[in-house]
Structures are given as C-alpha cells and as structure tokens.
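Worksheet: one structure, shown below.
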Amino acid sequence: MRKKIVAANWKMNMTQGEAARFVESFLPDIDEINDVDVVIIPPFTAIAKVSEALGRAHNIKVGAQNMYWEKSGAFTGEISAPLLRDLFVHYVVLGHSERRTLFGETDEMVNRKVRAALEAKLRPIVCVGETLDQRDKGNWEKILTIQLRGSLAGLKPKELQDTVIAYEPVWAIGTGRNATPQQAQEAHAFIRKILREMSDDTTADRVRIQYGGSVKPENARELMSQPDIDGALVGGASLDPRSFAQIVKAARQE
Ligand code: 13P
1 MRKKIVAANW KMNMTQGEAA RFVESFLPDI DEINDVDVVI IPPFTAIAKV SEALGRAHNI
61 KVGAQNMYWE KSGAFTGEIS APLLRDLFVH YVVLGHSERR TLFGETDEMV NRKVRAALEA
121 KLRPIVCVGE TLDQRDKGNW EKILTIQLRG SLAGLKPKEL QDTVIAYEPV WAIGTGRNAT
181 PQQAQEAHAF IRKILREMSD DTTADRVRIQ YGGSVKPENA RELMSQPDID GALVGGASLD
241 PRSFAQIVKA ARQE
C-alpha cells in the first residue's frame, strides 16, 4: 500500500511572515493526521521560517522548488542540495513545467538534478506532463515517455522508489480546469507502465505518483481515490491553510 503524499507548492509567493502565519493556522487543523505524508514547499526565502515554525514535533516535511546539480562553487544565484539539507529540506521539486517552459530546463538537466538530489539524500519530486496542443494531437503518451525516460535515466530501483513523480498536465496548471479523474488515472497508469519497463514490478508498484493541476478541496477526494493517484501537488489552493488542510484530509483512505 502506497502512503499518500500531498504537497503545497507555493511557487513565488509567501513572505516569511505570511509563511509563519500559514503554519500557525494549518497545524491545528491537521494535528492528528499521520497516515498522509504532508510536504510544504515554500520559496527559498521562507524555507528556514517554515522549518522553524513547524518545529520537530510532527511529520510534516519541508521541500524546495528547484536546485542546481553542483554541490558548491561559482554558480551565482543557484542553490545546491547540501545547502538545502542544511535547512532541513527533505524533498525537492525538479522539472516543474514552469521551469521547463520559462527557464529552458531540459530532461537532461532535470536528470542531472535528480541524480544530485538523490546523492545528497533528498527525495526528488519529478514533474512531467503534456501541453494542451500535445494532448489534442494525441501525443501525450509519447511526451510522457520521453520526459520519464530522460529525467529518470540511470536511476537504480532503490533510487526510483525514493523518487516521487508528479503528473501535471500543463493545460490544467493554474487554469481552474483539472484533468478528470478518469483522464488522470489513465495517465498515471501509463506512467506506472513506463516505470515498470524502466525497472521491475516491485519498484513500479512502490513509486508514488501525485496529480497536479487545479487540485481543490472540491475535486481532491475523487482524484486521489483513483487506484494509481497517490497524492497531489497543489499550487493555488495550497496558499490558504484551510483549503490545503481539506485537501490533506481528502487523501485519507476512509
Ligand atoms: P495549480 O494547483 O495552481 O493549478 O498549480 C499546480 C502546480 O503547478 C503545482 O506544482
């Protein structure tokens, strides 16, 4: 049984003060929940504040939205895996579609980052997903295959099991238009099939695959009750502690 994982991707939002207030009002709401992995992914500037506000007494983890593959050195403006570890970061989002389209990240770059993250004992959340044009042309399976094989190239089974995949159809991100549970399930099952081809049955069955793209309290439960949907990567609706808490609760198997 895969444990669900629900993550808040705050993108380029939240000052330190806003982040601390979020944690303060979020924690009591999800106090007794330990059957879902919860991850908060602030901008770099609020990571320390969120770690501090969370304290050590519970199982919410902190993530980062990106990193560079080198460990240290003359790379102005970049952040490395060891620097993230220093802030008690456990997860790192890699290859988000906004990074791919706005900042020119390729599968090869994502792959270098994934390997560097795993080497530093960070768990990558690797994003894949097709554009509307690619879906309309019937190319989504081909695009997902290229992205998965490229971004995850060379990973050993254990490393794959430590990796989370996020299926985020680009046409559903920030648009209010989520994939239907059936569309998302179909894509997730396909992703698991590719993972099986890249490794083995046990590994493919253990990898958690999140859905992302206009997840809200109203659609979260139905999406996450699909057999291959193991959680959510939430953008807009994660900026409000109440709605994010509702999404976390929707992940519980009851
Ligand atoms: P929205 O939930 O705002 O559509 O964003 C999804 C996303 O990109 C999460 O990484």
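So in my numbering, the last one in the sequence shown is 254, and the numbering has no gaps at all. C-beta: ideal position from N, C-alpha, C; glycine also.
Contact test: residue i Cβ vs the ligand 13P heavy atom, cutoff 7 Å
i, result
"residue 237", "yes"
"residue 105", "no"
"residue 173", "yes"
"residue 17", "no"
"residue 233", "yes"
"residue 212", "yes"
"residue 96", "yes"
"residue 168", "yes"
"residue 111", "no"
"residue 13", "no"
"residue 9", "yes"
Beta-carbon separation (whole angstroms), residue i vs residue j, contact threshold 8 Å
i, j, result
"residue 31", "residue 3", "In fact, because the Cβ distance is near 18 Å, the residues do not count as touching under 8 Å."
"residue 53", "residue 98", "Wrong, their Cβ atoms sit about 26 Å apart, outside the cutoff."
"residue 122", "residue 81", "5 Å"
"residue 104", "residue 169", "With a Cβ gap of about 20 Å, residue 104 and residue 169 do not count as contacting."
"residue 41", "residue 93", "6 Å"
"residue 246", "residue 7", "Not really, about 15 Å apart at Cβ, beyond 8 Å."
"residue 84", "residue 64", "5 Å"
"residue 178", "residue 214", "4 Å"
"residue 141", "residue 75", "Wrong, their Cβ atoms sit about 36 Å apart, outside the cutoff."
"residue 5", "residue 208", "5 Å"
Residue closest to residue i, alpha-carbon to alpha-carbon, out of the options
i, options, result
"residue 164", "126, 104, 179, 108", "126"
"residue 50", "66, 27, 70", "27"
"residue 221", "206, 243, 201", "243"
"residue 219", "176, 200, 157", "176"
"residue 161", "189, 205, 153, 136", "205"
"residue 252", "235, 56, 231, 238", "231"
"residue 88", "77, 46, 69", "46"
"residue 212", "192, 235, 83, 194", "235"
"residue 223", "188, 152, 86, 151", "188"
"residue 148", "180, 110, 68, 178", "110"
"residue 155", "77, 72, 124", "124"
"residue 120", "150, 106, 86", "86"
"residue 197", "71, 67, 12, 157", "157"
"residue 240", "217, 225, 179", "217"
"residue 112", "151, 179, 18, 22", "151"
"residue 181", "229, 14, 35", "229"
"residue 233", "18, 39, 29", "39"
"residue 200", "159, 186, 16", "159"
"residue 34", "17, 173, 61", "61"
"residue 9", "226, 96, 139", "96"
"residue 186", "153, 135, 146, 203", "135"
"residue 59", "172, 69, 67, 90", "90"
"residue 108", "153, 102, 139", "153"
"residue 194", "238, 202, 15, 145", "145"
"residue 238", "174, 184, 1, 203", "174"
"residue 67", "172, 114, 17", "114"
"residue 1", "202, 13, 18", "202"
Per DSSP, cross-strand counterpart(s) of residue i
i, result
"residue 120", "The partner list for residue 120 (beta bridge, DSSP) is empty, contrary to what the question assumes."
"residue 80", "68"
"residue 129", "DSSP lists no partner for residue 129."
"residue 9", "41"
"residue 210", "166"
"residue 233", "7, 212"
"residue 61", "39"
"residue 94", "126"
"residue 23", "BP columns for residue 23 are empty, so no partner."
"residue 89", "62"
Any non-hydrogen atom of the ligand ADP within 7 Å of residue i CB
i, result
"residue 215", "The model on display carries the ligand 13P but not the ligand ADP."
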